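S.K.:
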Amino acid sequence: GDGIVEKYSDEPTQSHIRFPNREAWLEGFMGQTIRNCYVALKPGGILVLNVSDELEEPVTDQAVKNGFVYAETLRLRLSKNMGSKHKPGGPWKTEPVLAFRRK
Numbered sequence: 012g013d014g015i016v017e018k019y020s021d022e023p024t025q026s027h028i029r030f031p032n033r034e035a036w037l038e039g040f041m042g043q044t045i046r047n048c049y050v051a052l053k054p055g056g057i058l059v060l061n062v063s064d065e066l067e068e069p070v071t072d073q074a075v076k077n078g079f080v081y082a083e084t085l086r087l088r089l090s091k092n093m094g095s096k097h098k099p100g101g102p103w104k105t106e107p108v109l110a111f112r113r114k
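Residue numbers 12 to 114, in our numbering, belong to the letters of the sequence shown in order.
#1: CA-CA distance, L66 and V75?
#2: With a threshold of 7 Å, establish whether the CB of P31 neighbours any heavy atom of the ligand FAD.
#3: I'd like the span of the beta strand (DSSP E) that includes N61, first residue to last.
#4: Thinking just about the alpha-carbon of each residue, which of F79, R29, P69 and V59 is nearest to the one in R86?
#5: Report the rounded CA-to-CA distance for F111 versus H27, giving the unit in angstroms.
#6: Just to confirm before moving on: does the CB-CB distance between T84 and V108 stay below 8 Å?
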């Protein structure tokens with residue numbers, strides 16, 4: 012991949028192996044996942060996705076394109092890096108948590 016997809020292993024079933032570039036991954040993996048969720052949810056059901064900052068806009072585009080209505084973005088606070096120079100109470104790294112409603 013091109014660094015935008017988290018890589019958990021090199022198993023052939025991993026999405027970054029099956030869809031080696033950003034566009035293929037967004038359409039073939041993320042888009043299909045969103046379409047599957049649309050089918051599984053009842054009208055008014057909520058889809059919530061935790062993504063990286065780089066994927067916030069393209070994943071939102073995929074969700075809207077596949078029938079979801081954007082609801083809101085929350086922020087997930089991540090663990091501070093071990094050995095980081097953050098003082099107690101300092102800024103935390105966060106990632107977007109996107110919420111969508113099924114039409």
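Glycine included, each C-beta is placed from N, C-alpha and C at the ideal position.
Please read these numbers as outputs of a predicted model, since none were measured by experiment.
M.R.: According to the structure shown:
#1: To locate residue 66, count along the sequence shown from 1; it is residue 55. To locate residue 75, count along the sequence shown from 1; it is residue 64. Between L66 and V75, the C-alpha separation is close to 14 Å.
#2: The ligand FAD is absent from the structure shown, which contains no ligands of any kind.
#3: Counting from 1 along the sequence shown, the entry for residue 61 is found at position 50. It spans I57 to N61 - the beta strand (DSSP E) in which N61 sits, taken as one unbroken run.
#4: Your numbering for residue 86 matches position 75 in the sequence shown. Among F79, R29, P69 and V59, the Cα nearest to that of R86 belongs to V59.
#5: In the sequence shown, the residue the question calls residue 111 occupies position 100. In the sequence shown, the residue the question calls residue 27 occupies position 16. Roughly 24 Å separates the two Cα atoms.
#6: As a first step, residue 84 is located in the sequence shown; it is residue number 73 there, counting from the start. As a first step, residue 108 is located in the sequence shown; it is residue number 97 there, counting from the start. Closer than 8 Å, so yes.
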